[in-house]
Each structure stands twice: as C-alpha cells, then as structure tokens.
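Residue 1 is where the sequence shown starts when you use the numbering used here, and the numbers rise one by one after that.
C-beta atoms are modelled at their ideal positions from N, C-alpha and C, and glycine is treated no differently.
See below for the structure under consideration.
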Amino acid sequence: MILHEPYIPDPDDALVWDDPAAVTILKATRGLPTCWTPGVSDSDRLAAHLERISQVKQHAVRLDAASHTDRQAALDFAGARRVAPADPLDPIRTQTRLDPVRVASRRLAVEWQRSSGYGAPLAFQAKPPATFVSATRAARREGEAA
C-alpha cells in the first residue's frame with residue numbers, strides 16, 4: 001500500500017490535469033475524505049485511502065512483489081548470505097518496532113491539526129509559474145492602476 005501512495009494525484013497541483021490517468025483517479029475519488037477531514041471516523045478515512053490506492057492500481061501503476069526465486073537470486077547476486085523470506089514485507093513487520101510515545105504524540109498532533117480547522121499543512125514546494133502572486137497582491141495592483 002505504501003508503495004502506491006506517491007502516485008496518488010494531488011488535486012492542488014495544476015500540472016496534474018495534464019495526465020489523463022490522474023484526472024480519472026481524481027474524478028473517481030472526488031468527495032472522499034482525506035486524513036485532514038474533520039469529523040470523520042478513522043475507519044472511513046482508511047476506506048477512502050484504500051479506494052484511492054485501488055484507483056491508482058487500476059489507472060496509473062501497479063507495483064507487485066517479485067517472485068521468491070527472483071528475490072533470492074538478487075540476494076545471491078549481491079553476495080548476501082541471507083535467505084529471502086517467503087513474504088517480502090516480513091523483515092519490515094518483524095524487525096521494526098514502533099515507539100509508543102512517538103505514535104501517541106503523532107496522534108495528538110494530527111488530532112490538534114484536524115480540530116484547529118487549518119486543514120492540510122502548508123507546503124512550500126515548487127509551484128507552477130505565475131502561481132505565487134496572492135489575491136491580495138493582485139487586488140492591490142488593480143487599485144494602484146486605477
């Protein structure tokens with residue numbers, strides 16, 4: 001599931017509308033709650049997220065695990081003295097421990113973010129050209145020109 005998350009299109013990205021697969025995914029998942037939607041149960045959020053993942057698998061990209069023999073051959077080629085597990089996610093599930101204090105603090109932070117009404121955190125990433133001018137600046141320019 002986590003491998004498909006980067007392929008979920010962002011509706012706030014202006015360039016996403018040039019990709020027909022992304023447009024199909026956005027149309028199919030329109031109106032579904034996000035992790036920032038207040039007042040939605042965790043089970044509904046999970047169901048909406050799984051629906052987005054299934055749409056990505058259907059329309060954009062599908063990532064499947066390599067066969068056990070291929071994974072073992074890759075380990076042998078790399079010179080690793082390990083045996084490939086039957087389940088490729090087994091090392092992550094068995095050798096990773098979540099810190100309960102960090103999990104609890106993350107849950108509190110997300111709950112505060114949801115209840116504050118601010119929605120998704122601000123992103124300061126690269127934006128398409130000419131999208132950096134705010135509406136107030138544009139209104140000021142119109143007032144100066146008049």
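- Query: Under the three-state reduction of DSSP, which class applies to W17: helix, strand or coil?
  - Reply: helix
- May I have the straight-line CA-CA distance separating M1 from I53, to the nearest angstrom? 7 Å
- Please report how far the alpha carbon of V61 lies from the alpha carbon of D13, in whole angstroms. 19 Å
- Message: Is the beta carbon of L26 closer than 8 Å to that of A48?
- Response: no
- Message: In chain order, what are the residue ranges of uninterrupted alpha helix (DSSP H) at least 4 long that sit wholly in the segment 80–121?
- Response: 90–95, 100–116
- Three CB pairs or more closer than 8 Å across the segment 32–41 and the segment 66–78: no
- Message: Output needed for A84: all residues of its chain with C-beta closer than 7 Å, excluding positions within five of it in sequence on either side, in chain order.
- Response: H68, R71, Q72, L75
- Please state whether DSSP places D12 in a helix, a strand or coil. coil
- Query: For K57, which of S115, P6, L89, E111 has the nearest alpha-carbon?
  - Reply: P6
- Message: Do T29 and E51 count as a contact pair if the criterion is CB distance below 8 Å?
- Response: yes
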